[in-house]
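In the numbering used here, the protein residues as written are 1 to 153. Below is one structure; the comments refer to it alone.
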């Protein structure tokens with residue numbers, strides 16, 4: 001039996017296959033960036049930028065140049081799970097991105113991402129870029145697990 005797929009379903013499927021992601025490890029001094037796409041599903045560090053007056057503009061330019069569909073920002077919390085002071089700045093930064101782009105923005109757990117990034121051998125990037133890759137990889141893995149659960153239901 002042939003399965004009929006309407007064009008909206010096909011477009012959504014193609015969109016999900018070719019999505020591009022930007023991971024952000026937001027810090028008050030530096031912002032780490034990493035990229036991935038939904039085909040390769042492996043995040044790689046892109047760059048580290050200084051968190052100065054031009055940081056938002058620079059991230060917006062990266063998103064436009066790379067045609068980013070979803071931005072994943074590390075959710076900064078303390079050991080007890082409460083938002084730490086950096087998170088307020090990260091939310092303000094996210095709002096700036098929302099006002100500048102038509103891109104999905106999600107927050108994802110960043111707990112321990114810098115520690116995990118420091119353990120990666122031979123990483124030429126500053127730890128913030130590697131931490132952004134860790135955050136983005138975790139998000140992509142969780143997204144895949146949810147998609148697998150939904151397709152098995």
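Just so it is clear, CB atoms sit at the ideal spot from N, CA and C, and this is done for glycine as well.
* Asked: Is it buried or exposed for residue 154, if we count other Cβ within 10 angstroms and need 16 for buried?
  -> Any property of residue 154 remains undetermined from this structure, which presents the chain solely from 1 to 153.
* Nearest to residue 45 (by Cα), restricted to the options 57, 99, 63 and 127 -> Looking from the CA of residue 45, the closest CA among 57, 99, 63 and 127 belongs to 127.
* Unbroken beta strand (DSSP E) run spanning residue 34, endpoints -> Going by DSSP, residue 34 is part of the beta strand (DSSP E) stretching over 30–37.
* Assuming residue 23 and residue 43 make a contact with CB atoms under 8 Å, what is their CB distance in whole Å? -> Residue 23 to residue 43, Cβ: 6 Å. Contact.
* Would you call residue 129 buried or exposed, if buried means 16 or more other Cβ atoms sit within 10 Å of its Cβ? -> Label assigned to residue 129: buried.
* To do: Give a yes or no on contact between the stretch 58–77 and the stretch 98–108, applying the rule of three or more CB pairs nearer than 8 Å.
  => Under the 8 Å Cβ criterion, the stretch 58–77 counts as touching the stretch 98–108, having at least three qualifying pairs.
* Asked: Buried or exposed: where does residue 98 fall if 16 or more other Cβ atoms within 10 Å of its Cβ makes it buried?
  -> Flag for residue 98 reads exposed.
* To do: Give the single residue among 37, 87 and 49 whose Cα lies nearest to the Cα of residue 20.
  => It is 37.
* For residue 86 versus residue 100, is the C-beta spacing smaller than 7 Å? -> No. Outside cutoff.
* **Terminal residues of the alpha helix (DSSP H) in which residue 98 lies** => In the DSSP assignment, residue 98 falls within the unbroken alpha helix (DSSP H) covering 85–100.
* residue 34 and residue 108 closer than 7 Å at C-beta -> Against a cut-off of 7 Å, the Cβ pair of residue 108 and residue 34 comes out as no contact.
* To do: With a cut-off of 8 Å on the beta carbons, I'd call residue 55 and residue 31 a contact; round off their distance for me.
  => Contact flag correct, Cβ pair sits at about 6 Å.
* Ordered along the chain, which non-local residues of its own chain (more than five positions away) have a Cβ less than 7 Å from that of residue 136? -> Within its own chain, the residues whose Cβ lies closer than 7 Å to the Cβ of residue 136, once the five positions on either side in sequence are excluded, are 21, 23, 34, 36, 43 and 72, listed in chain order.
* To do: Kindly list the residues whose CB is nearer than 7 Å to the CB of residue 90, restricted to its own chain and excluding five residues on each side of it in sequence; keep chain order.
  => Taking C-beta separations shorter than 7 Å and ignoring five residues to either side along the sequence, the partners of residue 90 in its chain run 26, 73 and 76, following chain order.
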